[in-house]
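Asker:
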Amino acid sequence: KDAAGKDPSVPAAAEPWKVGAYLSLSGAETQFGIETKEGIELAVDEVNKKGGVKGRPVKVLYEDNKSNPQETNNKVLQLITRDKVVALLGEVASSRSTIGGIVANKHKIPMITSSATAPEVTQIGPFVFRVCFTDDTQGQMGAEFVVKTMGKKRIGILYASDDVYSSGLAAQFRDAAKKLGGEIVVEKSFIKTETNFTTYINEIRDAKPELVYAPIYYNAMVPIARQAKAAGMPGSMFVGGDGWDAETLLQDAGEEMEGAYFTNHYAPDVPWPNAQIFLKAYKERFKRDPSSLSSLGYDSALLLFDAMGRAKGDTPEAIRDAIAETKNFQGATGTITIDPNRNADKSIVIVQIKNKKFTYFATVNDKAAA
Ligand code: PHE
């Protein structure tokens, strides 16, 4: 003990680590933000129950960017300059992750996006990471599933032209499907503010595709599924990407979408061991099945805490280096290795909508088997 009667080997007060999370907690993509936050909260509880990171509890400061680009810029700056966070979690969508990523990278604060899949996001610079797969792989896997597994050759595409995720994934799919021998017989795009899709749907129907690839967010997919059904196109004619994964899609268009497949990060019945641990904890706390967003939010936070624990120092730079060195991290969304481009090298799952539930169908780009 020292003169003041304190043991110098024990830190006076275990100052909490401050981590910032910027999310769409209101506005157009609210559900993405809320579900991601739930996953982060579970991860924080889990790590703090185990005594925190290096003996210090973790505190996450949440900021709502209202699904808005300008607010994203403001909130991320605030977390960095006012709150002095050591790392950032967010955003859910590629468009806003790009904005947040630029700010984080400029201030040399490591950022991990849980669910932004557009390749551009991590290309911003050395401080920007992700725990989800990228859309080049997702587009390729979607195309292989459609052309090879389902054996469909005449394909339509419908996407949002003013969204970096949707238009990017559509492009990746288009190239891959053509290379595999598929024919794009019709292609239509809309802008995010549109709500009536009947003109596009009718034009697509009249081109007689066997299947329509629709890499769009759940909030547009709900009216599209309903309007398509009314026009004589069942939801099972659509194949989508991870943007479909929100409880709202099941509630509001589950019936219309019965049988449809999409590429995804997670489903409650995926076969990975840590997925079961997460599922149990999530159900106990939130009384329903988790989405991809929650599982990815959980993985992004746990992977960050793991890196903070391994880091050679407590600075944002040291934490950045430790994130970059992550190998074979066992997450709820599978085994994650951070590659030299700061992307997650991991498996993708094909999920089917069955009885208003997201159901595991198959693993593609299988990393566990590799
Ligand atoms: N991948 C989407 C994007 O990059 C976000 C998303 C992920 C949406 C998972 C739903 C589920 O914008």
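Read in order, the letters of the sequence shown are residues -16 to 353 in our numbering.
For every residue, glycine included, the Cβ atom is placed at its ideal position computed from N, Cα and C.
So, at 7 angstroms on beta carbons, what are the nonlocal neighbours of lysine 131 in its own chain, with the 5 sequence-adjacent residues on each side left out?
Answerer: By one-based count along the sequence shown, residue 131 stands at place 148. Same-chain partners within the cutoff: Leu163.
Asker: By Cβ distance below 6 angstroms, which residues in the same chain neighbour serine 330 in space, the five residues on each side in sequence not counted?
Answerer: By 1-based counting over the sequence shown, the position of residue 330 is 347. Around serine 330: Gly317, Thr346, Asn348, Asp349, Lys350.
Asker: Between Val114, Asn31, Phe173, Ser278, which lies nearest to glutamate -2 when the distance is taken from Cα to Cα?
Answerer: Sequence index remark: in the sequence shown, residue -2 carries index 15 (1-based). Comparing Cα positions, the closest option is Asn31.
Asker: Excluding sequence positions up to five away, which residues of its chain have a Cβ less than 6 angstroms from the Cβ of aspartate 145?
Answerer: The residue labelled residue 145 in the question sits at position 162 within the sequence shown. So the list reads Ile174, Lys175, once near-sequence residues are dropped.
Asker: In the DSSP assignment, what are the bridge partners of tyrosine 45?
Answerer: On the sequence shown, residue 45 is found 62 positions in, with the first residue counted as 1. BP columns for tyrosine 45 point to Ala4.
Asker: Compare the beta carbon distance of lysine 1 and leucine 44 with 8 angstroms and say whether it is the shorter of the two.
Answerer: As a working note, residue 1 is residue 18 in the sequence shown. As a working note, residue 44 is residue 61 in the sequence shown. Yes, these two residues count as a Cβ contact at 8 angstroms.
Asker: Under 5 angstroms, CB to any heavy atom of ligand 1. Which residues pass, going along the chain?
Answerer: This criterion selects Ala76, Ser77, Ser98, Ala99, Thr100, Tyr148, Asp225, Gly226, Asp228, Ser275.
Asker: What ranges does the beta strand (DSSP E) occupy inside the stretch 181 to 235, keeping only unbroken runs of at least 3 residues that lie completely in it?
Answerer: Listed in chain order, they are 194 to 197, 221 to 223.
Asker: Does DSSP put isoleucine 92 in a helix, in a strand, or in coil?
Answerer: Counting from 1 along the sequence shown, the entry for residue 92 is found at position 109. Three-state DSSP puts isoleucine 92 in coil, outside helix and strand.
Asker: Which residues does DSSP list as the beta-bridge partners of alanine 290?
Answerer: As a first step, residue 290 must be located in the sequence shown, where it is residue number 307. Alanine 290 pairs with nothing; no bridge assigned.
Asker: Cβ of arginine 325 versus every heavy atom of ligand 3: is any distance shorter than 7 angstroms?
Answerer: Absent from the structure shown: ligand 3. Ligands present: ligand 1.
Asker: For the beta strand (DSSP E) that contains valine 334, what are its first and last residues?
Answerer: One-based indexing of the sequence shown puts residue 334 at position 351. Looking at the DSSP string, the run of the beta strand (DSSP E) that includes valine 334 is 331 to 337.
Asker: Note down the Cα distance separating valine 111 from serine 80, rounded to an integer number of angstroms.
Answerer: Here residue 111 refers to the residue found at position 128 of the sequence shown. Here residue 80 refers to the residue found at position 97 of the sequence shown. In a straight line, the C-alpha of valine 111 is about 9 angstroms away from that of serine 80.
Asker: Tell me which same chain residues have a C-beta within less than 8 angstroms of the C-beta of glycine 139, skipping the five on either side of it?
Answerer: For the purposes of this step, residue 139 is identified with residue 156 of the sequence shown, where counting begins at 1. Within the same chain, glycine 139 has close Cβ partners Ile167, Val168, Val169, Glu170, Lys171, Ile187, Ala190, Pro192, Leu194, Val195, Tyr196.
Asker: In this structure, does DSSP put threonine 309 in helix, strand or coil?
Answerer: Locating residue 309 in the sequence shown gives position 326, counting from the first residue. Note: threonine 309 maps to coil in three-state DSSP.
Asker: According to DSSP, is serine 274 part of a helix, a strand, or is it coil?
Answerer: The residue labelled residue 274 in the question sits at position 291 within the sequence shown. In this structure, serine 274 counts as coil in the three-state DSSP scheme.
Asker: Tell me which residues share the same chain as asparagine 257 and place their Cβ nearer than 7 angstroms to its Cβ, disregarding the 5 neighbours each side in the sequence.
Answerer: By one-based count along the sequence shown, residue 257 stands at place 274. Answer for asparagine 257: Gln313, Gly314, Ala315, listed in chain order.
Asker: For alanine 213, count the other beta carbons within 10 Å of its own beta carbon; 16 or more makes it buried, fewer makes it exposed. Which is it?
Answerer: For the purposes of this step, residue 213 is identified with residue 230 of the sequence shown, where counting begins at 1. That one is exposed.
Asker: Could you tell me the distance, in whole angstroms, from the CA atom of alanine 301 to the CA atom of arginine 293?
Answerer: Indexing the sequence shown from 1 puts residue 301 at position 318. Indexing the sequence shown from 1 puts residue 293 at position 310. Straight-line Cα distance between these residues: approximately 9 angstroms.
Asker: Terminal residues of the continuous beta strand (DSSP E) containing asparagine 31?
Answerer: What you label residue 31 is simply residue 48 of the sequence shown in a count that begins at 1. It is not in any beta strand (DSSP E) - asparagine 31 instead sits in the alpha helix (DSSP H) that spans 13 to 32.
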